[in-house]
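Single-structure report; data block below.
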Amino acid sequence: MRYLSKTQKACIRYRSRAGSARLTGVILGILALVGLGVAGYAVWSILQAPIPVTPAGNPEDPETGIAEMESIEEILGAVQVYVRNEDYDSAQQVLQSAVASYPADQELRYALGDLYLLTNQAAPAYEQYLAGIEIGPESWNAHFTAGTIANTIGNPEIALGHYNAAMRLDPSNPETPLYLAAIQQKLNKLDEAKASLALAGKMNPSDTRIYAMRAEIAMRENKATIALDQIRKAREIEPNDLGLILIEARALKRLRMTEDAIELLMALPMDQAMSPDAVILLAECLGSVGRFDDAASRVMDAADRQPENGALRFEAALWLQRAGRADEAVVWAEQAAKLGESRAKEWLESLP
């Protein structure tokens with residue numbers, strides 16, 4: 005068996021992850037959004053027929069368990085073909101077999117982690133990223149991704165450690181303090197979150213997410229005036245962003261400027277106005293000024309446009325009840341229950 009030279013080993017350990025990165029494209033950015041609850045995407049396709057892995061040339065350095073460059077290129081090349089063909093099951097089997105053969109190969113660990121992300125398997129993806137980090141060397145990208153996955157699977161404390169490590173490795177990246185602030189806010193470390201946001205703001209002052217997070221923190225601290233100021237600065241940059249508009253409406257409602265909030269929400273274009281969050285917030289504003297019929301009508305209209313949304317149909321039932329239209333409320337609750345809305349079933353069972 006041919007042994008690798010020290011130079012070859014060094015090249016393998018520090019080689020770029022260009023191959024595995026091509027597997028998923030923007031997966032890391034997508035996962036970050038998922039982890040923060042902003043958006044979510046999933047790709048799922050399982051095709052049978054396992055494909056054996058047959059690496060070219062000398063497969064492994066017996067001292068380290070790291071695959072040779074030629075083997076890596078062949079493995080990742082095969083995986084990329086499967087991914088392009090949406091044969092994720094075969095791609096996964098190839099990478100799982102490769103990792104079993106070369107357990108100390110960091111690039112293969114990350115490639116398998118990326119594939120798990122692509123197929124919506126966050127927990128095993130985290131295991132692979134953690135293994136890759138432990139193999140070394142550490143990198144900003146690995147810790148940032150591991151932190152985001154940890155948050156996604158419900159471990160924000162662990163995510164906090166990864167984001168702190170990412171800050172240590174690359175303190176100049178503006179994404180790091182932003183995501184660190186999000187985790188600190190989630191863990192109710194509000195002063196620390198504000199400090200992280202201050203750093204993020206110095207790096208990228210036009211990032212509306214910074215203003216939005218400051219506004220959310222101010223709302224949690226019952227400082228709605230500050231929240232309104234921050235969110236309006238964000239809307240100067242992105243005036244039509246629905247998330248920012250909803251935060252502004254919530255701040256206005258908290259400040260008892262309810263009519264202003266109603267006007268803001270009613271001015272939304274139809275596609276935004278019919279989103280569940282916007283409709284429910286508008287209904288709450290209308291209800292707070294005694295316009296229960298209007299609130300019910302708005303939610304009913306949105307529910308009719310989304311006939312499979314049981315939660316919206318139940319919201320309509322509640323507003324109909326508040327408007328004194330009990331018989332109609334029961335009908336809408338029954339429709340929601342048929343769609344699997346558990347709250348509707350409990351509400352119906354509670355009726356005399």
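Quick note: the sequence shown, position 37, residue 41 per this note's numbering, numbers continuous. Note that CB positions come from ideal geometry on N, CA and C, so glycine has one too.
Asked: In three-state DSSP terms, what is residue 279?; Found: coil
Asked: Taking a contact to mean a Cβ-Cβ separation below 8 Å, would you say residue 321 touches residue 337 in this structure?; Found: yes
Asked: Taking just the CA atoms, how far does residue 120 sit from residue 105?; Found: 18 Å
Asked: Could you tell me the boundaries of the alpha helix (DSSP H) in which residue 216 lies?; Found: 212-224
Asked: Which whole-angstrom value is the C-beta distance of residue 187 and residue 160, which I expect to be below 8 Å?; Found: 5 Å
Asked: State the DSSP-derived secondary structure class of residue 174, mapped to helix, strand or coil.; Found: coil
Asked: Taking residue 287 as the reference, which of 310, 316 and 273 has the closest Cα?; Found: 316
Asked: Going by DSSP in three states, residue 152 sits in which element: helix, strand or coil?; Found: helix
Asked: On the criterion of 16 or more Cβ atoms from any shown chain inside 10 Å, does residue 346 qualify as buried, or is it exposed?; Found: exposed
Asked: Taking contact to mean at least 3 C-beta pairs separated by less than 8 Å, is the stretch 191-198 in contact with the stretch 166-174?; Found: no
Asked: Helix, strand or coil for residue 101 per DSSP?; Found: helix
Asked: Note down the Cα distance separating residue 252 from residue 259, rounded to an integer number of angstroms.; Found: 11 Å
Asked: Is it buried or exposed for residue 241, if we count other Cβ within 10 angstroms and need 16 for buried?; Found: exposed
Asked: For a test of the three-state rule: what should DSSP assign to residue 261, helix, strand or coil?; Found: coil
Asked: How should residue 141 be labelled, buried or exposed, when 16 other C-beta atoms within 10 angstroms of its C-beta is the threshold for buried?; Found: exposed
Asked: For residue 290 and residue 263, what's the separation of their Cα atoms in angstroms?; Found: 8 Å
Asked: Between which two residues does the alpha helix (DSSP H) harbouring residue 181 extend?; Found: 179-190
Asked: Starting from residue 314, trace the alpha helix (DSSP H) in both directions and tell me its first and last residue.; Found: 314-326
Asked: If distances are taken between C-alpha atoms only, which option among 327, 189 and 302 comes closest to residue 220?; Found: 189
Asked: For residue 126, which residues from the same chain have a beta carbon less than 6 Å from its beta carbon, with the 5 sequence-adjacent residues on both sides left out?; Found: 153, 156 and 157
Asked: Quick one: using the 10 Å Cβ neighbour count with 16 as the cut-off for buried, is residue 176 buried or exposed?; Found: exposed
Asked: Quick one: measure Cβ to Cβ for residue 270 and residue 309, integer angstroms, because I've assumed they're closer than 8 Å.; Found: That pair is no contact at about 16 Å.
Asked: Rounding to the nearest angstrom, what Cα-Cα distance links residue 75 and residue 117 in this structure?; Found: 18 Å
Asked: Run through DSSP, which three-state label would residue 193 get?; Found: coil
Asked: For residue 92, name the three-state secondary structure that DSSP assigns.; Found: helix
Asked: Assuming residue 229 is part of the alpha helix (DSSP H), what are its boundary residues?; Found: 228-241
Asked: Where does residue 24 land, buried or exposed, given buried means 16+ other C-beta within 10 angstroms?; Found: Because the pLDDT at residue 24 is just 39, under 50, the model does not fix this residue reliably, and the value given afterwards should be weighed accordingly. Looking at its Cβ environment, which holds 16 or more other Cβ atoms inside 10 Å, residue 24 is buried.
Asked: Which of the three DSSP states is assigned to residue 343 in this structure?; Found: coil
Asked: Count the other C-beta atoms from every protein chain shown that fall within 10 angstroms of the C-beta of residue 88, then say buried if there are 16 or more, exposed otherwise.; Found: exposed
Asked: For the alpha helix (DSSP H) that residue 308 lies in, which residues bound it at each end?; Found: 296-309
Asked: Is residue 222 closer than 8 Å to residue 211 when the C-beta atoms are compared?; Found: no
Asked: Are the CB atoms of residue 96 and residue 114 within a distance shorter than 8 Å?; Found: no
Asked: Which of helix, strand or coil does DSSP assign to residue 331?; Found: helix
Asked: Buried or exposed: which applies to residue 254, given that a residue is buried once 16 or more other Cβ atoms fall within 10 Å of its Cβ?; Found: buried
Asked: Please classify residue 11: does DSSP put it in a helix, a strand, or coil?; Found: Its pLDDT being 26, under 50, residue 11 is placed unreliably by the model, and nothing is read from it.
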